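First comes the structure, then the notes that go with it.
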Amino acid sequence: MKISKALIIFIVLVGTFISLPKQGSAESGDVYEVGDIVLNVRSEPSSTGPVIGKLHKGDQVIAFNEHYGWLQTYYDGEEAWVAAHYLTKKKENTITKNESQELMVTGQSVYIRSGPSTDFAIVGSATIGDTYSMVETEADWYKIKLHDGSTGWIASWLTDKSSKADASEEQTGKKTGTVAEEVKGVSTSSPLDGYNIVIDAGHGGKDPGAIGLNGTEEKTVNSQTASEVAKVLSAKGATVIQTRSKDTFLSLDRRAEISNTYNTDAFISIHYNAFPVQSVQGIGTYYSSLNKDHALAEDIQNKLSGSLPLYNRGLFQEEFRVLRKNNAPAILLELGFLTNPGDYATIQTTGYHHQVAEAIADGLVNYFH
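Residue numbering for the sequence shown follows the UniProt record's numbering, beginning at 1 and increasing consecutively.
As structure tokens, this is what we get:
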């Protein structure tokens with residue numbers, strides 16, 4: 001029996017329409033986890049929509065709506081969409097009601113927000129020792145009752161109720177609150193007393209950063225310098241938050257998120273450089289915003305160039321994501337070329353990291369005072 005081409009097309013179209021998943025509504029607060037894939041984040045619920053970011057295995061998202069197999073969430077504070085069939089619902093992480101229990105703030109100076117993410121507006125602040133009643137939990141955020149009767153959200157890792165144990169969990173993509181380690185200053189008369197400084201050791205984990213002479217990995221040198229900087233700043237009275245103190249991988253957005261969680265006064269990302277031409281050498285400081293970051297960059301670079309024996313490359317303005325996404329004044333330091341024999345020899349000396357730390361501390365004192 002012959003069937004007309006028009007009838008065949010009609011049957012195919014009807015079958016396709018029937019097979020489409022219906023539009024639904026994901027319950028607000030449902031948490032989904034990314035499977036074994038790098039998942040595109042799009043601005044529209046379509047495979048042809050512009051890609052605005054990427055998620056990796058173990059990353060979690062909160063779904064607010066569903067549209068024909070796409071889940072609506074938020075990415076960098078903007079509405080975004082991800083394909084639902086690559087995600088697994090995490091029932092145990094949905095918003096849960098709790099019998100009222102007390103928690104105490106352990107962070108030195110902490111923001112309280114209108115929702116369970118650093119994307120939400122700041123509605124208040126808390127200091128170490130403050131206590132609140134906890135009424136709900138969502139992933140690694142707690143909803144608390146404020147003293148005026150209103151409510152807000154606080155990061156669990158900044159309270160005594162944190163259930164997270166180790167920063168290395170971040171390497172698996174799990175959300176964890178302890179990636180930021182706080183080092184409290186001890187001297188109330190020190191020049192950096194009362195200031196919160198985030199020190200970010202660049203790269204880490206699966207990301208080695210630049211590869212220098214003798215196969216030296218940048219991530220290792222970054223960690224050595226960051227650790228020394230944290231010690232020196234703490235000794236001068238600052239409260240220091242390290243984005244990582246172990247060999248763990250953190251996304252650029254996560255590093256900025258840690259900074260934005262605290263009442264941060266300055267964010268400093270520690271890096272070392274590399275270049276195919278070995279003669280390229282020196283130290284430089286990068287900033288993003290002329291109004292927000294330039295003064296900090298200038299004070300730090302001046303002290304570095306005046307204290308270190310390496311060539312002064314000066315200041316550079318770049319739209320680095322870890323700087324651009326930071327609410328606080330933020331800079332990125334390139335503290336020498338691991339591929340230049342002269343720089344490399346200096347960087348390997350035991351005193352270099354301490355010289356860097358003292359110069360950064362002096363630059364911060366100039367900046368704040």
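We treat Cβ as the ideally placed atom computed from N, Cα and C, and that holds for glycine.
Nothing here was measured: the structure is a model prediction, and the numbers come from that model.
At a threshold of 7 Å, does Glu-218 count as lining the ligand SAH (C-beta to nearest heavy atom)?
The ligand SAH is absent from the structure shown, which contains no ligand whatsoever.
Measuring only the C-alpha atoms, how far is Phe-64 from Leu-71?
7 Å
Using C-beta distances below 6 Å, list every residue in its chain close to Thr-261, excluding the 5 sequence neighbours before and after it, in chain order.
Thr-118, Ala-155
Have a look at the DSSP bridge pairing and note the partners of Leu-36.
A quick correction: the sequence has Asp, not Leu, at residue 36. Its beta-bridge partners do not exist; DSSP assigns none.
If you compare alpha carbons, which of Asp-36, Gly-35, Pro-50 is closest to Arg-42?
Pro-50
DSSP three-state label for Asn-214, please.
helix
Below 7 Å CB to CB, which residues in the same chain sit around Gln-278 once its five sequence neighbours on both sides are set aside?
Hits under 7 Å: Thr-339, Asn-340, Pro-341.
Taking 8 Å as the cut-off, decide whether the C-beta atoms of Ala-238 and Tyr-287 are in contact.
No, the Cβ-Cβ distance between Ala-238 and Tyr-287 is not below 8 Å.
For Phe-316, collect the residues of the same chain with a Cβ closer than 8 Å to its Cβ; drop the 5 residues on either side in sequence, then sort them by chain order.
Closer than 8 Å at Cβ, skipping near neighbours: Gly-284, Thr-285, Tyr-286, Tyr-287.
Buried or exposed for His-353, please, with buried defined as at least 16 other CB atoms from any protein chain shown within 10 angstroms of its CB.
buried
Starting from Ile-241, trace the alpha helix (DSSP H) in both directions and tell me its first and last residue.
Unbroken run through Ile-241 is the beta strand (DSSP E), 239-242; no alpha helix (DSSP H).
Closer than 6 Å by C-beta to His-294: which residues in its own chain qualify, once you throw out the five before and the five after it? Chain order, please.
Tyr-287
For Ser-190, which residues from the same chain have a beta carbon less than 8 Å from its beta carbon, with the 5 sequence-adjacent residues on both sides left out?
Residues Ala-235, Lys-236, Gly-237, Ala-238 of the same chain have their beta carbon placed closer than 8 Å to that of Ser-190, with the five preceding and five following residues left out of the count.
Cβ of Ser-307 within 8 Å of Cβ of Glu-358?
yes
Can you list, in chain order, the residues of its chain with a C-beta nearer than 8 Å to that of Ala-274? Leave out the 5 residues immediately preceding and following it.
Ala-210, Ile-211, Gly-212, Glu-218, Phe-337, Leu-338, Thr-339
Express the C-alpha separation of Glu-298 and residue 451 in angstroms, rounding to a whole number.
Look at the range of the chain in this structure, 1 to 369, and you will see that residue 451 is not part of it.
If you follow the alpha helix (DSSP H) that Val-356 is in, where does it begin and where does it stop?
352-368
From this set, Ile-300, Phe-320, Arg-313, which residue's C-alpha is nearest Arg-255's C-alpha?
Phe-320
Once the 5 residues before and after Tyr-344 are set aside, which same chain residues still bring their CB inside 7 Å of it?
Gly-212, Leu-213, Leu-338
Please report the straight-line C-alpha distance between Asn-263 and Leu-87, rounded to a whole angstrom.
33 Å
Looking only at C-alpha atoms, which of Leu-233, His-271, Gly-149 sits nearest to Gly-204?
His-271
Report back the beta-carbon spacing between Leu-192 and Leu-233 to the nearest angstrom; my notes put them in contact at under 8 Å.
6 Å
Give the DSSP bridge partners of Phe-316, in chain order.
Its beta-bridge partners are Tyr-286.
Mind checking which residues open and close the alpha helix (DSSP H) that includes Gln-60?
Element bounds for Gln-60: not the alpha helix (DSSP H) but the beta strand (DSSP E), 60-63.
Given Pro-116, which residues of its chain have a CB within under 6 Å of its CB, disregarding the five upstream and five downstream residues?
Here the set comprises Glu-138, Trp-141, Trp-153.
Identify whether Ser-156 lies in helix, strand or coil by the three-state DSSP scheme.
For Ser-156, the secondary structure class from DSSP, reduced to helix, strand or coil, is helix.
Please look up how many angstroms separate the CB atoms of Leu-250 and Gln-281, rounded, as I've assumed it's under 8 Å.
With a Cβ gap of about 28 Å, Leu-250 and Gln-281 do not count as contacting.
On the DSSP bridge assignment, give the partners of Glu-298 in chain order.
Note: Glu-298 sits in no beta bridge, so no partner.
Please return the same chain residues whose Cβ sits closer than 8 Å to the Cβ of Ser-47, not counting the five positions on each side in sequence.
Ala-83
Do you know how far the Cα of Ser-245 is from the Cα of Thr-178?
Only weak support exists for where Thr-178 lies, its pLDDT of 33 falling under 50; the coordinates are left without a value.
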